[in-house]
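Counting from 177, one number per residue, gives the positions in the sequence shown under the numbering used here.
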Amino acid sequence: MVGSISVPEDRRFEALVSPTAELERLHTGCGWAEGPVWSDADGGFLLFSDIYNHVMLRWSEAGGIEVFRADSNFSNGNTRDREGRLISCEHGSRHVVLTEADGRRVVIADRYQGRRLNSPNDVVVRSDGTIWFTDPTYGIISPLEGYPAASEQPGHWVYRVGTDREVRPVATDFVQPNGLAFSCDERTLYVADSGFSHDPTAPHHVRAFDVEDDGSLARSRVFADIAPGVPDGLRVDEDDRVWISAGDGVHCYAPDGVRLGRILVPETVANLCFGGADGHTLFLTATTSLYRVRVATRGTVPRPH
Ligand code: MG
């Protein structure tokens, strides 16, 4: 790109993303890149989804790009549990699935009250072992992202899967819930509503909730309005800043809701994650491409209390 990709709007951002930081394109040719997740295993590697081509790709410094899973069931968001096992949202199967170390698939969530989920979009694990995911309809309204079908659920909800494996709704008033992440103390949950993508009257914001001791959500408030575009994936860093995907790149917010700055990206960013050998690389899945940029922070380190 011409000019700096780092756009500070607060002096605190200048120390986070250097004015001379470079956006490096690691791969291109995807249909819709999503769901990046880092692993420190095997020398370090990134997995991400190419939803339109229903494939999961693996990138590493040593090996470059390889196919990780040739038939991904239109996988979208990915995360890892406390043991490092991969958990994926699949539009095709309409499941949230855990992959055991030996490759065995374990379905984490497929139904609520006997009816199929819409199309799980993104997922995060809390350090108490509960698994939280969003269930908008993107994977059942477009043949590019899954298999078109009618919704069987009364809404587009956010769910929590308990350690007892029971699936419970925790938020039922979203238009299209999307990316989600916990604060470092796991007492705040951030959830994107990307409803604006298909309805100009719908939200394009990220909401914050208090997480109560019983796992319910309370005190819903709008944390950030995102424009241009919509918020999709988001991540929290080690100092509780919230990094949110947007139409023009990534927007970084302080925990008090002040926007600190932006990273400009020449394609719409769908999701992001921290990783790399020292944790200071921000990986961005952006439409057709995978990018990386160096940042002076790392991903959240859960500090539950
Ligand atoms: Mg998403």
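By construction, the Cβ of each residue, glycine as well, lies at the ideal position given by its N, Cα and C atoms.
Contact test: residue i Cβ vs the ligand MG heavy atom, cutoff 7 angstroms
i: Gly205; result: no
i: Gly423; result: no
i: Asn252; result: yes
i: Glu388; result: no
i: Glu210; result: yes
i: Asn447; result: yes
i: Asp415; result: no
i: Asp298; result: yes
i: Asp340; result: no
i: Asn354; result: yes
i: Gly371; result: no
i: Asp128; result: Outside the shown range of the chain (177 to 481) lies residue 128, about which nothing can therefore be said.
i: Asp408; result: yes
Bridge-paired residues (DSSP) for residue i
i: Ser269; result: DSSP lists no partner for Ser269.
i: Glu210; result: Ser225
i: Pro345; result: Tyr335
i: Thr255; result: Ile263
Coil, strand or helix - residue i by DSSP
i: Ala197; result: coil
i: Ala357; result: strand
i: Ser373; result: helix
i: Gly219; result: helix
i: Phe250; result: coil
i: Arg435; result: strand
i: Arg188; result: helix
i: Thr306; result: coil
i: Tyr288; result: strand
i: Thr457; result: strand
i: Leu320; result: coil
i: Asp390; result: coil
i: Leu293; result: coil
i: Ile154; result: Past the boundaries of the shown model lies residue 154; the chain is included only from 177 to 481, so the question cannot be answered.
i: Arg281; result: strand
i: Ser327; result: coil
i: Ala378; result: coil
Which listed residue (the options) has its alpha carbon closest to that of residue i
i: Pro212; options: Ser295, Asp340, Asp408 and Glu414; result: Asp408
i: Glu485; options: Ala453, Phe189 and Ser225; result: Because the chain is modelled from 177 through 481, residue 485 falls outside the range shown and cannot be assessed.
i: Phe459; options: Val183, Ser264, Phe221 and Phe189; result: Phe221
i: Thr457; options: Arg245, Asn297, Arg187 and Leu202; result: Leu202
i: Arg245; options: Ser392, Glu259, Gly239 and Thr275; result: Thr275
Residue i: first and last residue of the uninterrupted beta strand (DSSP E) it sits in
i: Glu493; result: Outside the displayed span of the chain (177 to 481) sits residue 493, for which this structure offers no information.
i: Arg395; result: Leu393 to Asp401
i: Ser236; result: Val231 to Ser236
i: Asp386; result: His381 to Val387
i: Ser465; result: Ser465 to Arg470
i: Val301; result: Val299 to Val301
i: Arg417; result: Run containing Arg417: none; DSSP gives neither H nor E here.
Residue span of the alpha helix (DSSP H) that contains residue i, given as start and end
i: Tyr314; result: Tyr314 to Ile317
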